[in-house]
Amino acid sequence: MDLRLTFNEDVSNYERLRPTYTDELFDDAIRFSSLSRNKRALEIGIGTGQATLPFLNTGCKVTAIEIGEKLAQFSREKFAEFKSFEVINQDFESVQLDENAYDLVYSASAFHWIPQEIGLPKVYGLLKSGGVFAWFSTQPFPAQEHTHIHEALQKVYDKYSEFFGEQRPKLDPQIKQQQLEKKRLGRFNALRHYGFVDVTDKFYYGTRTFNAKDYTILISTYSDHKAMPEEIRIPFLKEIYDIIDRCGGKFTLSDTMLLCMGIKP
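UniProt numbering puts the first residue of the sequence shown at 1, with every later residue one more than the last.
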């Protein structure tokens, strides 16, 4: 099963609960790429469009690639007022696009699904000389005031670890910080390796607070959680719900957003 397609199964909850990004991140990406009216941008993996509106508001033409049919249709309807917007319902690896045509290619929490050795050369070829690739994503951390909750949640994940394999979620902030720094360095070096210059990166921060119900719905939109057998997923989610409910009914995530950008010379 292609786990990318699991996001297509629950569009409304994906739209309501998945993280957005800070205005500062969008401002930096738009400034770095000098995006404006009469320019062209390409979004890889639009989902429900959490990262799309700021780019559309520049007046540029935005083409979005989305593998999920329901997600693609949702985004078409969401941004129907923008005549310079289109969605192509196809995977990025096989879609045919004009080369040397885009001023900005960007991807928000989607590009990790594409092998770098396929995705980065293709992005490079699609960009005009001087065009920018902006690659960004969010890493959630349990808020410091909810340490006791995340420790209890980690025990649940450990209990069900066989259903997540070697990549099972780790809620420990120190481990996540190490993973984030490894991700930052990996992306920085990958962009340079595939020919991008003036590579830069930056972290941004935000918070989200969930009640027990919404948090269990949120994690149900994660591809690895959706891939669990239903007879396992239901009791797993109940244990997560019960922990948050017993601990005051609220769970706060501190989001660290990573933006990495490079220019095609």
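Idealized CB from N, CA, C, for every residue including glycine.
Whole-angstrom C-beta distance between isoleucine 88 and glutamate 63, which should lie under 8 Å: As a first step, residue 63 must be located in the sequence shown, where it is residue number 63. As a first step, residue 88 must be located in the sequence shown, where it is residue number 88. Strictly speaking, residue 63 in this sequence is threonine, with glutamate absent from that position. The Cβ separation is near 7 Å, so the contact holds.
In whole angstroms, what separates the C-alpha of threonine 252 from that of lysine 155? Sequence index remark: in the sequence shown, residue 252 carries index 252 (1-based). Sequence index remark: in the sequence shown, residue 155 carries index 155 (1-based). CA-CA distance, threonine 252 to lysine 155, rounds to 18 Å.
Could you check the C-alpha separation between histidine 150 and tyrosine 205 for me, to the nearest Å? As a first step, residue 150 is located in the sequence shown; it is residue number 150 there, counting from the start. As a first step, residue 205 is located in the sequence shown; it is residue number 205 there, counting from the start. Cα to Cα, histidine 150 sits roughly 19 Å from tyrosine 205.
Comparing C-alpha positions only, which one of Phe32, Leu53, Ala72 and Ser109 sits nearest to residue 269? Residue 269 is absent from the structure shown; the chain starts at 1 and stops at 265.
Going by C-alpha to C-alpha distance, which of Gly125, Arg40, Ser107 and Gly195 sits closest to glutamate 86? Within the sequence shown, residue 86 is the residue found at index 86, counting from 1. Closest by alpha carbon: Arg40.
From which residue to which residue does the beta strand (DSSP E) around proline 140 run? Your numbering for residue 140 matches position 140 in the sequence shown. 127-142 is the extent of the beta strand (DSSP E) around proline 140.
Would tyrosine 14 and threonine 48 qualify as a contact pair, given that the criterion is a beta-carbon distance under 8 Å? Locating residue 14 in the sequence shown gives position 14, where the first residue counts as 1. Locating residue 48 in the sequence shown gives position 48, where the first residue counts as 1. A contact, by the Cβ cut-off of 8 Å.
Express the C-alpha separation of leucine 35 and residue 270 in angstroms, rounding to a whole number. The question about residue 270 has no answer here: the residues shown for the chain are numbered 1 through 265.
As a quick exercise: from Ser109, Val123, Glu81 and Tyr106, pick the residue whose alpha carbon is nearest that of leucine 97. Position 97 of the sequence shown, counted from the first residue, corresponds to residue 97. Cα-wise, what sits closest to leucine 97 is Val123.
Which residues bound the beta strand (DSSP E) around leucine 258? Counted from its first residue, the sequence shown places residue 258 at position 258. Here the beta strand (DSSP E) through leucine 258 covers 250-263.
Can you give me the Cβ contacts of glutamine 139 inside the same chain, cut-off strictly under 8 Å, excluding the 5 residues immediately before and after it? For the purposes of this step, residue 139 is identified with residue 139 of the sequence shown, where counting begins at 1. Non-local beta-carbon contacts of glutamine 139 in its own chain, meaning distances under 8 Å to residues more than five positions away in sequence, involve Lys176, Gln179, Leu180, Lys183, Asp255, Thr256, Met257 and Leu258 in chain order.
Would you please verify whether the beta carbon of threonine 58 is less than 8 Å from any beta carbon of chain D? This model lacks chain D altogether; it includes just one protein chain.
Supposed contact pair arginine 187 and cysteine 260 - C-beta distance, whole angstroms, cut 8 Å: For the purposes of this step, residue 260 is identified with residue 260 of the sequence shown, where counting begins at 1. For the purposes of this step, residue 187 is identified with residue 187 of the sequence shown, where counting begins at 1. Cysteine 260 to arginine 187, Cβ: 4 Å. Contact.
Rounded to the nearest angstrom, what separates tyrosine 194 and lysine 238 at their Cα positions? In the sequence shown, counting from the first residue as 1, residue 194 sits at position 194. In the sequence shown, counting from the first residue as 1, residue 238 sits at position 238. Straight-line Cα distance between these residues: approximately 45 Å.
Valine 197 and glycine 248: beta carbons closer than 8 Å? In the sequence shown, counting from the first residue as 1, residue 197 sits at position 197. In the sequence shown, counting from the first residue as 1, residue 248 sits at position 248. Going by C-beta atoms, valine 197 is not nearer than 8 Å to glycine 248.
Does the count of Cβ pairs from the region 103-115 and the region 72-86 closer than 8 Å reach three? A contact between stretches requires three or more CB pairs, one per stretch, nearer than 8 Å, and the region 103-115 fails this requirement with the region 72-86.
Tell me the start and end of each unbroken alpha helix (DSSP H) in the region 59-107 that is at least 4 residues and wholly inside, in chain order. Uninterrupted alpha helix (DSSP H) stretches at least 4 residues long and entirely within the region 59-107 occur at 69-78, given in chain order.
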